[in-house]
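Visitor:
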Amino acid sequence: MVQVQQLLLRSALFPLPRFPLSYHRTTRSCRIYLRRMTSGSNAPSPKCPIFIPVEQTHINTSITKSPGPKFRVASYNILAQVYVKSSLFPHSPRSCLRWKTRSQAILTVLKSLEADILCLQELDMFDSFYKPNIENLGYSSIYIQRSGDKRDGCGIFYNPNIAELVFEERIEYNDLVDSVNEETITLDVEPSTNTKAPAQKDVHPDRGDPDDPRVRLKRDCVGIMAAFRLKDPTHHLVVVANTHIYWDPEWADVKLAQVKYLLSRLNKFSVSVSDKFECDPSVIVAGDFNSTPGDKVYQYLTSGDPSSPSKPECSDELPMPLRSLYAHARGREPTFTNCTPDFTNTLDYIFFSPSERIKPVSFLDLPELDSADVSGCLPNLHHPSDHLPIGADFEVIAD
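Each number in my numbering comes from the position in the sequence shown (counting from 1) with 1271 added on.
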């Protein structure tokens, strides 16, 4: 109660700037959250999302065309329930690990984000739970389950009133094994100096010689990409990719191979969209890349951005230039998007292709390490996953 009173007092003394309402609107989910806080309930109460306007000094001021409509993209590793074990998350309150409470907390978070395009990773129980419940919120969806016996995958949910699905493609990184057989790919196996890693959720039996590239590359990771036509006067086409890259920091070569394959496939997909519709589609790539700012994967992904200090050791040319949404919009990456006692760092990103057709105008605000809602690490009563959602509003620049 005291926290709420302080929040209300601060709002009265320091009112929010008069940005468009969409930047700081309070959703019904957030009102429920505030009521729970005032009632003293110990039930999970997800934090209300706040989108912060981008300072114009951080974006391309050469874009002077008339502003157009906006659309919101969010990405979230929701933590598959199959990986929720007290042995992995002993720091978390037991109540917030139970599926009955977690599932409703996740739905509350997803609803409160009010995204037009929602990219989810570690998405299990797709047919039995997420698809019907999220589609009840007005979304349509596409999904790919991981290879082998894995029960989670990647999904894209989209608002059909905002975006029309034109076509889609699925990505299975196990296809890289064929490239090894054809001798079109090699791996540089190097020892890692990283002594910390995300929670080891995806542990599997030994598959063979770890020095064999075919064994190393068969990690059952997936991605999905789709072309959407925006249902606004611009009818602009946007290509969105969602992926979950392999987790193990000792296998950086595998991560880099997966990301290179992702961008190669994405580039071909974008070219086919461009050829078919005689347009220049914008590209947005979201997901859990299991890579921290400054490592080889991050350097490779951002090496096409002239403003990026990244100088990748790999000499391969990037198939398409990309910018990190948060680094570009706020001047730096988030302090963290994954928070556990053994590992706290940024793993989740939204990248976009620089163009004169879209620009980021706001980004989802994220907590800092001293924020009360992440005290004790994640998951907790405020965040139902060990990851934080990330997101942004993009504005379409009219012709």
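Backbone N, C-alpha and C define an ideal beta-carbon position, used for all residues, glycine too.
Note down the Cα distance separating Glu1627 from Pro1403, rounded to an integer number of angstroms.
Guide: Answer to the nearest angstrom: the Cα atoms are 37 angstroms apart.
Visitor: Which residues in the same chain have their Cβ closer than 7 angstroms to the Cβ of Lys1547, if we skip the five residues on either side of it in sequence?
Guide: Nothing meets the Cβ criterion.
Visitor: Which residues does DSSP list as the beta-bridge partners of Ser1595?
Guide: Answer by DSSP bridge pairing, in chain order: Phe1622.
Visitor: Taking the continuous alpha helix (DSSP H) assigned at Val1692, which residues delimit it?
Guide: This structure cannot settle anything about residue 1692, because the visible part of the chain is limited to 1272 through 1670.
Visitor: Between Ala1643, Lys1526, Asp1423, which lies nearest to Asp1473 when the distance is taken from Cα to Cα?
Guide: With distances taken between Cα atoms, Asp1473 lies closest to Asp1423.
Visitor: Give the secondary structure of Val1448 by DSSP, where H, G and I count as helix, E and B as strand, and everything else as coil.
Guide: Reduced to three states, the DSSP call for Val1448 is helix.
Visitor: Span of the alpha helix (DSSP H) holding Ile1495?
Guide: Run containing Ile1495: none in the alpha helix (DSSP H); it sits in the beta strand (DSSP E), 1493 to 1501.
Visitor: Assuming the contact rule is C-beta atoms closer than 8 angstroms, Cys1367 and Pro1655 should be a hit. Round their C-beta distance to whole Å, please.
Guide: 6 angstroms between Cβ atoms; contact.
Visitor: Among Asn1432, Gln1352, Ile1495, which has the Cα closest to the Cα of His1506?
Guide: Closest option to His1506, Cα to Cα, is Asn1432.
Visitor: In chain order, what are the residue ranges of uninterrupted alpha helix (DSSP H) at least 4 long that sit wholly in the region 1346 to 1380?
Guide: Counting whole runs of 4 or more residues, the region 1346 to 1380 contains no alpha helix (DSSP H) stretch at all.
Visitor: Pick out whichever of Ala1663, Asn1651, Val1645 has its Cα sitting closest to the Cα of Tyr1620.
Guide: If we check each option's Cα against that of Tyr1620, Ala1663 comes out closest.
Visitor: Would you list, in sequence order, the uninterrupted beta strand (DSSP E) runs of no fewer than 3 residues that lie entirely inside the region 1597 to 1670?
Guide: Taking only runs of at least 3 residues, the beta strand (DSSP E) segments lying wholly in the region 1597 to 1670 are 1609 to 1611, 1614 to 1616, 1619 to 1623, 1629 to 1635, 1661 to 1668.
Visitor: If the criterion is Cβ atoms closer than 8 angstroms, does the pair Val1568 and Leu1527 meet it?
Guide: Result yes, Cβ atoms of Val1568 and Leu1527 sit closer than 8 angstroms.
Visitor: Alpha carbon to alpha carbon, how far is Lys1421 from Asp1491?
Guide: Cα to Cα, Lys1421 sits roughly 8 angstroms from Asp1491.
Visitor: I'd like the span of the alpha helix (DSSP H) that includes Thr1573, first residue to last.
Guide: Taken as a continuous stretch (DSSP letters only), the alpha helix (DSSP H) holding Thr1573 covers 1567 to 1573.
Visitor: Whose CA, out of Leu1537, Arg1485, Gln1570, lies closest to the CA of Ile1555?
Guide: Considering only alpha carbons, the answer is Leu1537.
Visitor: Exposed or buried, Leu1488, counting other C-beta atoms within 10 Å across all chains shown (16 or more means buried)?
Guide: It is buried - the Cβ of Leu1488 has at least 16 other Cβ atoms within 10 Å.
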